[in-house]
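Participant: Below you'll find the structure I mean.
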Amino acid sequence: MLSRYLHNLFALPVLLVVCSGCGQGAALNRVLQSAGSNRVELVSVLDHYRSVDPNPDKLRAAEFLIENMPAHYSYAGKEIYQYYDYAAQILADTTLTPEQQRDSLLDITDLNYRDLPNHTIPDAQIIKANLLIDNIDKSYTQWTTCPWASQVTFDEYLEWMLPYKAAELQELDHWRDTLLAHFGQGLKNPIKNDVEYNTTMGVADMIRNDAYNGLHRYGLYTRAGLPLLSAYLLAHQTYGNIPDYALTAVLALRSAGIPAVLDETPVGSRGTAATRWFVIISDRGEQLTSEWDLSTMIGGGFFPYERGPKVYRHTYAINKVRLEYRRKAIYQYPFELGRKDVTSQYFLTSNISIPIDRAERKQLKDKYVYIASAVRDDSNPWQIVDFGRIKNGKACFNNMGREVLYTVMGYDGNALIQITDPFILHKDERIEYVNADTVSSPSLDKWKNNAL
Numbered sequence: 060m061l062s063r064y065l066h067n068l069f070a071l072p073v074l075l076v077v078c079s080g081c082g083q084g085a086a087l088n089r090v091l092q093s094a095g096s097n098r099v100e101l102v103s104v105l106d107h108y109r110s111v112d113p114n115p116d117k118l119r120a121a122e123f124l125i126e127n128m129p130a131h132y133s134y135a136g137k138e139i140y141q142y143y144d145y146a147a148q149i150l151a152d153t154t155l156t157p158e159q160q161r162d163s164l165l166d167i168t169d170l171n172y173r174d175l176p177n178h179t180i181p182d183a184q185i186i187k188a189n190l191l192i193d194n195i196d197k198s199y200t201q202w203t204t205c206p207w208a209s210q211v212t213f214d215e216y217l218e219w220m221l222p223y224k225a226a227e228l229q230e231l232d233h234w235r236d237t238l239l240a241h242f243g244q245g246l247k248n249p250i251k252n253d254v255e256y257n258t259t260m261g262v263a264d265m266i267r268n269d270a271y272n273g274l275h276r277y278g279l280y281t282r283a284g285l286p287l288l289s290a291y292l293l294a295h296q297t298y299g300n301i302p303d304y305a306l307t308a309v310l311a312l313r314s315a316g317i318p319a320v321l322d323e324t325p326v327g328s329r330g331t332a333a334t335r336w337f338v339i340i341s342d343r344g345e346q347l348t349s350e351w352d353l354s355t356m357i358g359g360g361f362f363p364y365e366r367g368p369k370v371y372r373h374t375y376a377i378n379k380v381r382l383e384y385r386r387k388a389i390y391q392y393p394f395e396l397g398r399k400d401v402t403s404q405y406f407l408t409s410n411i412s413i414p415i416d417r418a419e420r421k422q423l424k425d426k427y428v429y430i431a432s433a434v435r436d437d438s439n440p441w442q443i444v445d446f447g448r449i450k451n452g453k454a455c456f457n458n459m460g461r462e463v464l465y466t467v468m469g470y471d472g473n474a475l476i477q478i479t480d481p482f483i484l485h486k487d488e489r490i491e492y493v494n495a496d497t498v499s500s501p502s503l504d505k506w507k508n509n510a511l
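Its first residue numbered 60, the sequence shown is counted upward by one per residue in this note's numbering.
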């Protein structure tokens, strides 16, 4: 009998106020309605670019931010600021080693703030007009005046430069000013006869190098405490993990007018540190990746031997397919709305259709099904990486990475259950089924990724 794995249901802290079939004006109005008492702040931004600074590009940028704001959320209440104040004191204490700083914050997280990520609020209900206007003005000025951003189209500007945050739960602060002050010293005295002067690659590598050296980090750590998501703390953190420093890289680059985004995998890597990394738009309009965080050169090439099921890009815009899923699925897996599938930019991919036994289909209470990738974790060996639908008796999924061990799951009204035997999607697109009882065998380990 197929094994069953229960995944906890929990509501994402997002107001689903935008319907996929709505026009632009209707979507904007729905967000304004959802903002409650904060509506006045959002309307103030729109009025500012209609009358005070009547710039059609800036107005469209403001509309873009507000229309897609339902995908974005922050910590609710004031407790996070108490934690950040304590963190600032710890990081300023030079008598503590980085390990002691880390452990002190882990201890206080476990004691007072463990439940904080479960208490969130949509950005539309708390963001202030002055922050949005400042963010739009500064990013727009950089896009229109910085030589290293002149190749960026308006649509690219909206995603790669404009957003007021690059990760959920990031503090709504003036991070552009903070990080540019910390890591933008090279821009004040550039070598003007340098071949890289005023180029995207030259400025990006200058910022990356200044940030890497300026952080004085003492190593990479896996930790369970709350991430430090304020600009001040990001600039002073002496420890952290690769996602921390990849986020810092994107924010530091954007603060200098470099178009940058985050890409990530929903599972761990095979044997490298490739879990989250940053991407920039080069002088030639190409998308160039780092290998992972600030410590790696840009454009050196992504790990050529890495394989995985999916790569997702952090986006500000709402993924309309995921929005439809959120509106229609009976079982709600916590997929973020601000993600774009870019797997085919990194790996060979296939669109697959996996036959589902009739008896298994009869158990299902939802039209959506899920594909899970095998990970090296005996306690939870499957990690859901995407959803699909059953068509003509087959579970259909798009853009799946090859050389990966998968299984398909469905919702039976109580939990997610496996509805197929495990299978390997080979490099030549051949599908090979394996016995479910052998999944933990060392012989299959090469088809698995590490757990996050």
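For every residue, glycine included, the Cβ atom is placed at its ideal position computed from N, Cα and C.
Tell me whether leucine 464 sits in a helix, a strand or coil according to DSSP, three-state version.
Facilitator: Residue 464 sits at position 405 when you count from the first residue of the sequence shown. Leucine 464: strand per DSSP, three-state reduction.
Participant: Going by alpha carbons, who is nearest to proline 206 out of Asn257, His241, Tyr371, Asn494?
Facilitator: Locating residue 206 in the sequence shown gives position 147, where the first residue counts as 1. When only C-alpha atoms are compared, the closest one is Asn257.
Participant: Can you grab the Cα-Cα spacing for the pair tyrosine 298 / proline 181, in whole Å?
Facilitator: Taking the first residue of the sequence shown as position 1, residue 298 is located at position 239. Taking the first residue of the sequence shown as position 1, residue 181 is located at position 122. Their Cα atoms are separated by approximately 29 Å.
Participant: For glycine 273, name the three-state secondary structure that DSSP assigns.
Facilitator: Taking the first residue of the sequence shown as position 1, residue 273 is located at position 214. Residue state, collapsed to three classes: helix.
Participant: DSSP puts threonine 204 in a beta bridge; with which residues?
Facilitator: Taking the sequence shown and counting its residues from 1, one reaches residue 204 at position 145. For threonine 204, which the question treats as bridged, DSSP gives no partner whatsoever.
Participant: Which whole-angstrom value is the C-beta distance of histidine 233 and valine 320, which I expect to be below 8 Å?
Facilitator: Sequence index remark: in the sequence shown, residue 233 carries index 174 (1-based). Sequence index remark: in the sequence shown, residue 320 carries index 261 (1-based). Not confirmed; about 21 Å, so no contact.
Participant: Under the three-state reduction of DSSP, which class applies to methionine 265: helix, strand or coil?
Facilitator: As a first step, residue 265 is located in the sequence shown; it is residue number 206 there, counting from the start. Three-state result, methionine 265: helix.
Participant: When you compare only the Cα positions, how much space is there between alanine 183 and leucine 101?
Facilitator: By one-based count along the sequence shown, residue 183 stands at place 124. By one-based count along the sequence shown, residue 101 stands at place 42. Taking the straight line from one Cα to the other gives about 8 Å.
Participant: Find the nearest neighbour of valine 463 within the set Gly447, Pro302, Glu488, judged by alpha-carbon distance.
Facilitator: Reading the sequence shown from its first residue, position 404 is the one you call residue 463. Nearest of Gly447, Pro302, Glu488 to valine 463, Cα basis: Glu488.
Participant: Report the option in Ile443, Lys187, Asp342, Arg420 whose CA atom is closest to the CA atom of glycine 472.
Facilitator: The residue labelled residue 472 in the question sits at position 413 within the sequence shown. Closest option to glycine 472, Cα to Cα, is Arg420.
Participant: Buried or exposed for glutamate 345, please, with buried defined as at least 16 other CB atoms from any protein chain shown within 10 angstroms of its CB.
Facilitator: Here residue 345 refers to the residue found at position 286 of the sequence shown. When all chains shown are included, glutamate 345 counts as exposed.
Participant: Just grab the DSSP bridge partners of phenylalanine 446 for me.
Facilitator: In the sequence shown, counting from the first residue as 1, residue 446 sits at position 387. For phenylalanine 446, which the question treats as bridged, DSSP gives the partners Tyr429.
Participant: So, is glutamate 383 buried or exposed, given that buried needs 16 or more other C-beta atoms within 10 angstroms?
Facilitator: The sequence position of residue 383 within the sequence shown is 324, counting from 1. So glutamate 383 counts as exposed.
Participant: Within this structure, are the beta carbons of alanine 308 and aspartate 352 separated by less than 9 Å?
Facilitator: As a first step, residue 308 must be located in the sequence shown, where it is residue number 249. As a first step, residue 352 must be located in the sequence shown, where it is residue number 293. It is a contact, given that the beta carbons lie within the stated cut-off.
Participant: Taking DSSP as the reference, what is the three-state secondary structure of leucine 347?
Facilitator: Numbered from 1 along the sequence shown, position 288 holds the residue referred to as residue 347. Looking at leucine 347 - three-state DSSP - the assignment turns out to be strand.
Participant: By the 10 Å Cβ neighbour count, where 16 or more other Cβ atoms means buried, how is histidine 295 classified, buried or exposed?
Facilitator: Counting from one through the sequence shown, the residue named residue 295 turns up at place 236. Histidine 295 is buried by the Cβ-count criterion.
Participant: For threonine 348, does the count of other Cβ atoms within 10 angstroms reach 16, so buried, or fall short, so exposed?
Facilitator: Looking up residue 348 in the sequence shown gives position 289. It counts as buried.
Participant: Pull up the distance between the alpha-carbon of tyrosine 405 and that of asparagine 458, whole angstroms please.
Facilitator: For the purposes of this step, residue 405 is taken as residue 346 along the sequence shown, with counting starting at 1. For the purposes of this step, residue 458 is taken as residue 399 along the sequence shown, with counting starting at 1. For tyrosine 405 and asparagine 458, the distance between alpha carbons rounds to 11 Å.
Participant: Classify threonine 324 as buried or exposed, calling it buried when 16 or more other Cβ atoms lie within 10 Å of its own Cβ.
Facilitator: In the sequence shown, counting from the first residue as 1, residue 324 sits at position 265. So threonine 324 counts as buried.
Participant: With which residues is tryptophan 336 paired in a DSSP beta bridge?
Facilitator: Mapped onto the sequence shown, residue 336 falls at position 277. Its beta-bridge partners are Asp322.
Participant: Along the alpha helix (DSSP H) that carries isoleucine 250, what are the first and last residues, could you check?
Facilitator: Along the sequence shown, read from residue 1 onward, the residue named residue 250 stands at position 191. Careful: isoleucine 250 lies outside any alpha helix (DSSP H) and carries neither H nor E.
Participant: Roughly how many whole angstroms lie between the Cα atoms of arginine 366 and asparagine 97?
Facilitator: The sequence position of residue 366 within the sequence shown is 307, counting from 1. The sequence position of residue 97 within the sequence shown is 38, counting from 1. So the alpha carbons of these two residues sit roughly 45 Å apart.
Participant: With which residues is glutamine 477 paired in a DSSP beta bridge?
Facilitator: Position 418 of the sequence shown, counted from the start, is the residue given in the question as residue 477. For glutamine 477, which the question treats as bridged, DSSP gives the partners Met468.
Participant: With DSSP as the reference, identify every bridge partner of arginine 398, one or two as the case may be.
Facilitator: What you label residue 398 is simply residue 339 of the sequence shown in a count that begins at 1. For arginine 398, which the question treats as bridged, DSSP gives the partners His373.
Participant: Quick check: leucine 164 and tyrosine 145, are their CB atoms within less than 9 Å of each other?
Facilitator: Position 105 of the sequence shown, counting from 1, holds the residue named residue 164. Position 86 of the sequence shown, counting from 1, holds the residue named residue 145. For leucine 164 and tyrosine 145, yes; Cβs fall inside 9 Å.
Participant: Under 9 Å, do glycine 469 and leucine 484 count as touching if we go by C-beta distance?
Facilitator: As a first step, residue 469 must be located in the sequence shown, where it is residue number 410. As a first step, residue 484 must be located in the sequence shown, where it is residue number 425. Contact flag unset, no.
Participant: To which residues does DSSP link valine 434 through a beta bridge?
Facilitator: By 1-based counting over the sequence shown, the position of residue 434 is 375. For valine 434, which the question treats as bridged, DSSP gives the partners Asn508.
Participant: Are there 16 or more other CB atoms within 10 angstroms of the CB of aspartate 496, so buried, or fewer, so exposed?
Facilitator: The residue labelled residue 496 in the question sits at position 437 within the sequence shown. The residue is exposed, with fewer than 16 neighbouring Cβ atoms inside 10 Å.
Participant: Alpha carbons only, please: which of Asp162, Leu124, Thr334, His178 is nearest the one belonging to tyrosine 223?
Facilitator: As a first step, residue 223 must be located in the sequence shown, where it is residue number 164. Selected option, being the one with the closest Cα: Leu124.
Participant: Using CA coordinates, which residue listed in Arg329, Val326, Leu288 is at the minimum distance from glutamine 310?
Facilitator: Indexing the sequence shown from 1 puts residue 310 at position 251. The question names glutamine, yet the displayed sequence has leucine at residue 310. It is Leu288.
Participant: Which same chain residues, not among the five before or five after glycine 452, have their C-beta less than 8 Å away from its C-beta?
Facilitator: What you label residue 452 is simply residue 393 of the sequence shown in a count that begins at 1. Hits under 8 Å: Pro414, Ile415, Arg417, Arg420.
Participant: Please say whether lysine 187 and leucine 231 have beta carbons closer to each other than 9 Å?
Facilitator: Numbered from 1 along the sequence shown, position 172 holds the residue referred to as residue 231. Numbered from 1 along the sequence shown, position 128 holds the residue referred to as residue 187. Taking 9 Å as the Cβ cut-off, leucine 231 and lysine 187 qualify as a contacting pair.
Participant: So the beta strand (DSSP E) threonine 179 belongs to, where does it begin and stop?
Facilitator: Against the sequence shown, residue 179 aligns to sequence position 120. Its beta strand (DSSP E) spans residues 179-181.
Participant: What does the Cβ neighbour count give for lysine 387, buried or exposed, with the cut at 16 atoms within 10 Å?
Facilitator: Against the sequence shown, residue 387 aligns to sequence position 328. That one is exposed.
Participant: Near alanine 135, which residues of its chain fall below 6 Å by C-beta distance, leaving aside the five closest residues on each side in sequence?
Facilitator: Position 76 of the sequence shown, counted from the start, is the residue given in the question as residue 135. Cβ neighbours of alanine 135 beyond the five flanking positions: His178, Thr179, Ile180.
Participant: Identify the continuous beta strand (DSSP E) that holds leucine 292 and give its terminal residues.
Facilitator: For the purposes of this step, residue 292 is identified with residue 233 of the sequence shown, where counting begins at 1. No beta strand (DSSP E) holds leucine 292; the alpha helix (DSSP H) holding it covers 290-295.
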